[in-house]
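Chemist: Under the UniProt record's numbering, read the sequence shown as residues 1 to 503, first letter to last.
Virtual Cβ for every residue (Gly too), placed ideally from N, Cα, C.
Just so you know, these numbers come straight off a predicted model, no measurement behind them.
Below are the structure tokens for one structure; questions will follow.
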Amino acid sequence: MLINLGIPIRDKDLGRANEMFRRFNGRCPDEYEEKYMLSLQPFIESLDQRSEKSSATLRLCSLAWEAAIRAKLAFTFDVMAIDTRVTLTLEELEKQAIAAIAGFSPQALQKIMSDPRFQAPNVSDKGGNTLLHLALKDFGYNPEKAIEITRLLLSAGCDILRTNDYEQQPLHVWDNNMIEEEQVTWPSDSSRQVFRELMQMITEMGATCTSRDARGKNALHYHIISPYHLQAVLDAQPIKNITAASEAINGDGYTPLTLSLKLGFLVSASILIKTLEMTPLVMASPIPILALAVNANASEILDLLIPLASKSDLESESPLHHVGPGATASNIRRLKTLYSDACNCRLHGKTPLEAYIERCLKQSVADGVDQDVVNELSLLESDNADISDDSKVWERFAQSAASSESQETVTSAGMSLLRVGYMRTFERKSGISGIVPILSSFNGFETTVDLQPISTELICLILHQTERKTHVREEPQMSRLLGAAAQSLDFELATLLLTSGSA
């Protein structure tokens, strides 16, 4: 009652209160203990509700709160129930702020921010992420609450340009956690308006899409992964910023447009092509942009790029030398009309066909090598075919195949080259069987498992199609292969070897 009347609290009152709280620590008759515990919560609440809280009031409230914790009273589990200066240390307060942001609770955050000890601009986690970083990284899970939290933080003086340990600004990490998931259900159209509202708000506070992280990535590089975020950035940022960001290359040499094609984010690529002025700087890439579009099987984007992309001065550096998994025969034909002699030229010692096969083997393509693409890139039936060079294609395949991680891709590539006739060309030029370079790629083998990723299916096919059967019988490695087949109980391969007389 005296507290409710606003009677001042003196230092000696604190000492007496502390003695009383300790006296009731499980050492009084049950009926007094029960009355004591029932009175603690209203006593604490009456202290918390005082309009002016002196240091003595806060100290008395802290003593009562500690007594309630010792008594394990349920209301103490809500550390936000009363003045946080009583319930939380500064370190605990900062942890609660991070938890409030993660839980999308602007009310809890506002209460924390009312604590005069709390300085929102100075708080960060172990990775150097500020409260703004944390508010934006999961924004898409609850945009309405997240934008309310962002407003609170900006009003409290949090810096939208401050970086974390990876030199990322809050704009860089916007929804990074969400968009890295395999399946994302994005908000409805009405919620996407919040994306635009957020971008407009942080743009007014100084956020710019030109800022780059430690890897040279800017906001356009980051947000190609989501067309909704990308469009919001493009709508809010000044044109000069967008132009500068679109021409910036990351640490790997890609602009936002070329990176979107490389990673297969075709909706974002289409947005950028229709929004930006297609200058050579915008299309800069370690891989020709037309090859990126072909590898992404982006036929519609290829339609837009072909009139824009400059033809290389050197045919040996054509996009055809950079095609890989994802390319289709129809798009290869379109490139061949632009670079008519490229298939016969070598870049780093490889024709487009050899480069294509090598990329498929390195990337372990799930669907295997596209036979139609191999047919388009092959020179064996053309007037430009060079038997001396083409005979080496099979040998180079054997060397690359041994280091591949995918047996299915190796089998598919080997079968494609067999169908086109590259093993036959090798055998006619070298005079030895096509199985020899395959087996020679391995230092030793005791079972057929030791030959992986070369499958016994491919080995049997080679033995069936070889034109050098006499050489097969005379080759010492055939005896070892027979032993490996026997050791592996591979009756099909063993029978084939025995009938060919290799034993």
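Let me confirm a value: M205 is counted as buried when at least 16 other C-beta atoms fall within 10 Å, else exposed. Which label applies?
Modeler: In the sequence shown, residue 205 corresponds to position 205, counting from 1. Exposed is the call here.
Chemist: Within 8 Å, do at least three Cβ pairs link the stretch 236-256 to the stretch 138-156?
Modeler: Touching, no, given that fewer than three Cβ pairs across the two stretches are closer than 8 Å.
Chemist: Pull the bridge partners of T130 from the DSSP assignment, please.
Modeler: Working through the sequence shown from its first residue, we reach residue 130 at position 130. BP columns for T130 point to S124.
Chemist: Any chance you could list the beta strand (DSSP E) runs of at least 3 consecutive residues sitting entirely within the stretch 189-244, in chain order?
Modeler: DSSP runs (the beta strand (DSSP E)) wholly in the stretch 189-244: none.
Chemist: Can you list, in chain order, the residues of its chain with a C-beta nearer than 7 Å to that of S268? Leave out the 5 residues immediately preceding and following it.
Modeler: In the sequence shown, counting from the first residue as 1, residue 268 sits at position 268. Closer than 7 Å at Cβ, skipping near neighbours: I224, P227, L230, S260.
Chemist: Would you report the Cα separation of E31 and S62, rounded to the nearest angstrom?
Modeler: Working through the sequence shown from its first residue, we reach residue 31 at position 31. Working through the sequence shown from its first residue, we reach residue 62 at position 62. With a pLDDT of only 49 at E31, under 50, the local geometry of the prediction cannot be trusted, and no value is derived from it.
Chemist: When you compare each of Q200, R468, C209 to K429 by their alpha carbons, which one comes out closest?
Modeler: In the sequence shown, residue 429 corresponds to position 429, counting from 1. Closest option to K429, Cα to Cα, is R468.
Chemist: Ignore the nearest five residues each way along the sequence and tell me which others in L281's own chain have a CB closer than 7 Å to its CB.
Modeler: The count along the sequence shown starts at 1 and reaches residue 281 at position 281. Counting only Cβ-Cβ distances below 7 Å, and skipping sequence neighbours, we find E247.
Chemist: How would you call G434, buried or exposed, if buried means at least 16 neighbouring beta carbons within 10 angstroms?
Modeler: As a position in the sequence shown, residue 434 is number 434, starting the count at 1. Under this definition G434 is a buried residue.
Chemist: Under 8 Å by Cβ, that's how I've got R359 and P319 pegged, so tell me the actual separation to the nearest angstrom.
Modeler: Residue mapping note: residue 359 aligns to position 359 of the sequence shown, counting from 1. Residue mapping note: residue 319 aligns to position 319 of the sequence shown, counting from 1. Their Cβ separation, rounded to whole angstroms, is 13 Å, which puts R359 and P319 out of contact at 8 Å.
Chemist: On the CB-based measure, 16 or more other CB atoms within 10 Å of its CB, does S440 come out buried or exposed?
Modeler: Locating residue 440 in the sequence shown gives position 440, where the first residue counts as 1. With fewer than 16 Cβ atoms within 10 Å of its Cβ, S440 is classed as exposed.
Chemist: Within 10 angstroms of its Cβ, does R346 collect 16 or more other Cβ (buried), or is it exposed?
Modeler: On the sequence shown, position 346 is the one that residue 346 refers to. By the 10 Å Cβ count, R346 comes out exposed.
Chemist: Compare the C-alpha of T328 against each of E376, L220, T163, G349 and name the closest.
Modeler: Residue numbering aside, residue 328 sits at position 328 when the sequence shown is read from its first letter. Looking at the Cα atoms, E376 is the closest of the given residues.
Chemist: Does the distance from the CB of F118 to the CB of L136 come in under 7 Å?
Modeler: Along the sequence shown, read from residue 1 onward, the residue named residue 118 stands at position 118. Along the sequence shown, read from residue 1 onward, the residue named residue 136 stands at position 136. No; because the gap between Cβ atoms is not below 7 Å, this pair is not in contact.
Chemist: Give me the DSSP bridge partner(s) of K350.
Modeler: Locating residue 350 in the sequence shown gives position 350, where the first residue counts as 1. According to DSSP, which records beta bridges pairwise, K350 is partnered with L347.
Chemist: Leaving out five residues on either side along the sequence, give the residues of the same chain with a beta carbon under 8 Å from the beta carbon of K217.
Modeler: Within the sequence shown, the letter at position 217 stands for residue 217. Closer than 8 Å at the Cβ level, and outside the excluded window around K217, lie H172, N250, G251.
Chemist: Can you list, in chain order, the residues of its chain with a C-beta nearer than 8 Å to that of R151? Leave out the 5 residues immediately preceding and following it.
Modeler: Within the sequence shown, residue 151 is the residue found at index 151, counting from 1. The residues are M201.
Chemist: Between which two residues does the alpha helix (DSSP H) harbouring A156 extend?
Modeler: Translated into the one-based positions of the sequence shown, residue 156 becomes position 156. It is not in any alpha helix (DSSP H) - A156 carries neither H nor E in the DSSP assignment.
Chemist: Go ahead and pull the three-state DSSP assignment for W394.
Modeler: On the sequence shown, position 394 is the one that residue 394 refers to. In this structure, W394 counts as helix in the three-state DSSP scheme.
Chemist: Once the 5 residues before and after Q183 are set aside, which same chain residues still bring their CB inside 7 Å of it?
Modeler: As a working note, residue 183 is residue 183 in the sequence shown. For Q183, the predicted model reports a pLDDT of 48, less than 50, meaning its position is unreliable; a value from the coordinates is still stated below. Closer than 7 Å at the Cβ level, and outside the excluded window around Q183, lies no residue.
Chemist: Could you have a look at V373 and say whether DSSP puts it in helix, strand or coil?
Modeler: One-based indexing of the sequence shown puts residue 373 at position 373. Here V373 sits in helix by DSSP.
Chemist: Check each candidate in E405, L90, L497 and name the one with the smallest Cα separation from I454.
Modeler: Locating residue 454 in the sequence shown gives position 454, where the first residue counts as 1. Among E405, L90, L497, the Cα nearest to that of I454 belongs to E405.
Chemist: Within 10 angstroms of its Cβ, does V294 collect 16 or more other Cβ (buried), or is it exposed?
Modeler: Residue mapping note: residue 294 aligns to position 294 of the sequence shown, counting from 1. Buried is the call here.
Chemist: Measure the CB-CB distance between L493 and T456 and report whether it falls below 7 Å.
Modeler: Looking up residue 493 in the sequence shown gives position 493. Looking up residue 456 in the sequence shown gives position 456. Going by C-beta atoms, L493 is nearer than 7 Å to T456.
Chemist: Tell me whether the beta-carbon of N177 lies closer than 7 Å to the beta-carbon of D138.
Modeler: Position 177 of the sequence shown, counted from the start, is the residue given in the question as residue 177. Position 138 of the sequence shown, counted from the start, is the residue given in the question as residue 138. In contact: N177 and D138 (Cβ atoms closer than 7 Å).
Chemist: Mind checking whether F104 and N129 have CB atoms under 7 Å apart?
Modeler: Here residue 104 corresponds to residue number 104 of the sequence shown, with the count starting at 1. Here residue 129 corresponds to residue number 129 of the sequence shown, with the count starting at 1. Cβ atoms of F104 and N129: not closer than 7 Å.
Chemist: Classify H464: buried if its beta carbon has 16 or more other beta carbons within 10 angstroms, exposed otherwise.
Modeler: In the sequence shown, residue 464 corresponds to position 464, counting from 1. Exposed, by the Cβ-count rule.
Chemist: Am I right that residue 528 and T409 are in contact with their C-beta atoms under 8 Å? What's the rounded C-beta distance?
Modeler: This structure cannot speak to residue 528, because the chain is shown only from 1 to 503.
Chemist: Taking C-beta to C-beta, are P437 and E395 nearer than 7 Å?
Modeler: Stepping through the sequence shown from its first residue, residue 437 is reached at position 437. Stepping through the sequence shown from its first residue, residue 395 is reached at position 395. Closer than 7 Å, so yes.
Chemist: Could I get the ranges of all uninterrupted alpha helix (DSSP H) runs contained in the stretch 409-488, with 4 residues as the minimum, in chain order?
Modeler: Segments of the alpha helix (DSSP H) lying fully in the stretch 409-488: 422-430, 435-440, 456-465, 469-474, 476-487.
Chemist: Please classify L489: is it buried, with 16 or more other beta-carbons within 10 angstroms of its beta-carbon, or exposed?
Modeler: Numbered from its first residue, the sequence shown carries residue 489 at position 489. So L489 counts as exposed.
Chemist: From F397 to L338, what does the alpha carbon distance come to, in whole angstroms?
Modeler: Reading the sequence shown from its first residue, position 397 is the one you call residue 397. Reading the sequence shown from its first residue, position 338 is the one you call residue 338. Taking the straight line joining both Cα atoms gives about 27 Å.
Chemist: Using 10 angstroms around the beta-carbon of A102, count the other beta-carbons present and answer buried if the total reaches 16, otherwise exposed.
Modeler: For this step, residue 102 is matched to residue 102 along the sequence shown. Counting Cβ neighbours within 10 Å, A102 comes out exposed, since fewer than 16 surround it.
Chemist: If residue 522 sits next to A232, beta carbons under 8 Å apart, how far is it from one beta carbon to the other, in whole angstroms?
Modeler: Any question about residue 522 goes unanswered here, given that the chain covers just 1 to 503.
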